[in-house]
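Before any comments, here is the structure.
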Amino acid sequence: MAKNNYLHMKLRESREEIARLKEELEASELASLERERETAGKAAEQIEREQEAARTERARVLEQLEVAEADREQVANQLREAEERQQQERERHQTRTRLLVAGSLVLAGLVVALVSGAFSGDPEVVVVPTTVPATTLATNMPTTTVAPSSTISTMTTIAPSTSEPTEPTEP
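Take 3 as the starting number for the sequence shown in this note's numbering and just add one per residue.
Written out as structure tokens, the structure reads:
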């Protein structure tokens with residue numbers, strides 16, 4: 003019997019140990035569930051904070067995108083204006099160049115005509131309008147007045163001569 007009592011006592015101790023372990027297991031499970039709920043709550047809060055941060059970041063990026071688009075449009079407008087100014091400047095430069103070339107050609111033609119006239123031996127002919135008073139001509143240059151011809155009615159032709167200057171006569 004003592005052996006039976008001993009076995010009953012061991013059985014009771016084992017049952018108590020099993021009950022205690024079950025209680026600890028249940029307490030552990032409850033604590034684990036509580037931690038999971040807290041973690042889930044924290045995770046949900048964390049997820050919500052991250053979503054809010056993502057929305058804020060998205061709004062910031064969209065604002066920067068709008069600003070960048072406005073800057074791009076402004077730069078495109080400035081580029082178009084600069085290209086237009088450059089084209090206008092190019093056209094003005096081309097016009098100035100054409101005028102300079104034309105003027106240079108006229109001047110070169112005049113120089114060639116004067117030089118060829120100086121070396122040809124023919125007397126130089128200067129045409130002066132008759133409305134210009136004769137006193138405006140240089141007095142140290144010998145001049146001769148020729149009566150106007152029928153083809154030139156408003157001009158007086160003056161040709162250089164070697165004689166002393168004389169007063170022009172009225173036609």
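Even for Gly, the Cβ is constructed at its ideal location relative to N, Cα and C.
If I measure Cβ to Cβ from residue i and keep anything under 8 angstroms in the same chain, skipping five residues before and after, which residues do I get?
i	result
asparagine 7	none
arginine 92	none
Near residue i, what residues of its chain come up, given a Cβ to Cβ distance below 6 angstroms and the 5 sequence neighbours on each side ignored?
i	result
arginine 62	none
threonine 138	Low confidence applies here, because threonine 138 scores a pLDDT of 48, under 50, leaving its location unreliable; read the following figure in that light. Once the five neighbours on either side are set aside, threonine 138 has no close Cβ partner at all.
If I measure Cβ to Cβ from residue i and keep anything under 7 angstroms in the same chain, skipping five residues before and after, which residues do I get?
i	result
glutamine 90	none
Under the three-state reduction of DSSP, which class applies to residue i: helix, strand or coil?
i	result
threonine 138	With a pLDDT of only 48 at threonine 138, under 50, the local geometry of the prediction cannot be trusted, and no value is derived from it.
For residue i and chain B, any beta-carbon pair shorter than 8 angstroms?
i	result
leucine 23	Here there is only one protein chain, and chain B is not present.
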